[in-house]
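Inspection log for the structure reproduced underneath, given as C-alpha cells.
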Ligand code: 2HA
Ligand code: ZN
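In the numbering used here, the protein residues as written are 220 to 490.
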C-alpha cells in the first residue's frame, strides 16, 4: 500500500485550501470542498474494506452510493489543512443506504464532514446529471463577490450581465452565467436543494450575503471559475461609484462568443 501523503489528490486539495486561505476567501472555518475520487486510485492508498466509523449524512443520495469523496471537516480552518490533512479532511464513501457516510480516512480527532455536505452532495448529483466529468464542488467567501451582493440587484440575468461586462475573460470562462440564491439559512437541506436546482443550469451559484459555490471537473478548473468571478466582482467594486467611460457592449460579447465558440446564455443579451 502506498503512503497517502504522496497521493496526488491529497496534495491538490492541500494546495487548493492553502491558496484559498491566502486569497482571503476562507476566513476561520469558512468554506468547504468535496472532491469525488476514483475508487481504484484510492485503493492504492487505503484498504477500502476498512471502515473507521459511519456518520449519517442527513439525507438520501441514492445516485452517489459507493462514490468516494475527500471532504473538508466541519469547524476546521482552511489555514490548517496543509499542515495537518488527516485531522482537517476526511475520505468518505456513501454507503449502500445512500444516507450514511463510511469514513475511510481522516477526521482523526473524532470530527466529521462539513455542515454543508447536503448542498455538496445534492450539487454533485445535479452536475453529474448534466456533465459526467464533474468531480468537484467548492464553496468559499471571496470578498468582492460578497461585497457585490450587498449593492447589486441579485437577479441572475442582471448580475451575470454586469460580471460579463467587467472584463473580457468573464463570458469566456462562465458563458453559462451565474445562478443566484436569496439570503437563506446555511447548512440545511433547503439551501442544499435550492443550490442543486441552480447547479442543473450553472456551474456557479452565488449565495446572497454569504458566498459562492463552484463546480467543475477538477480542483483547478473549479478554483479558476471562482477566481474569475471574484476578479470581475473586484472590477465592479473598484469602479461602481465612478463615472464609466468605457464598457464592454452586448455586440462585443457576441463577438467574443463567436471567436471562442461559446455556448452562452443568449437570452442574457439585449440583442
Ligand atoms: O463551513 O462556509 O457555509 C463553513 C461555511 C458554511
Ligand atoms: Zn459558507
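Glycine included, every Cβ here is placed at the ideal spot set by N, Cα and C. Predicted, not measured: the structure shown is a model, and the values here were computed from it.
- In this chain, the alpha helix (DSSP H) harbouring residue 380 covers 375 to 383.
- The closest heavy atom of the ligand ZN lies less than 8 Å from the beta carbon of residue 251.
- According to DSSP, residue pairing for residue 424 in a beta bridge involves 398 and 432.
- Inter-residue distance for residue 270 and residue 251 is about 23 Å (C-alpha atoms, whole angstroms).
- Each of 364, 486 and 301 was checked against the Cα of residue 456, and the nearest Cα belongs to 364.
- Taking 3 residues as the minimum length, the beta strand (DSSP E) runs contained wholly in the segment 297 to 374 are 308 to 313, 319 to 325 and 355 to 359, in order along the chain.
- Using a 10 angstroms sphere on the CB of residue 272, the tally of other CB atoms stays under 16, which defines it as exposed.
- In the DSSP assignment, the residues bridged to residue 288 are 255 and 311.
- Straight through space, the alpha carbons of residue 310 and residue 260 are spaced by roughly 13 Å.
- The beta carbon of residue 305 lies closer than 6 Å to those of 325 and 327 in the same chain, with the five residues before and after it left out.
- DSSP, reduced to helix, strand and coil, places residue 272 within a strand of the structure shown.
- Residue 405 carries a coil assignment under DSSP once its states are collapsed to helix, strand and coil.
- Note on geometry: alpha-carbon atoms of residue 413 and residue 400 lie some 7 Å from one another.
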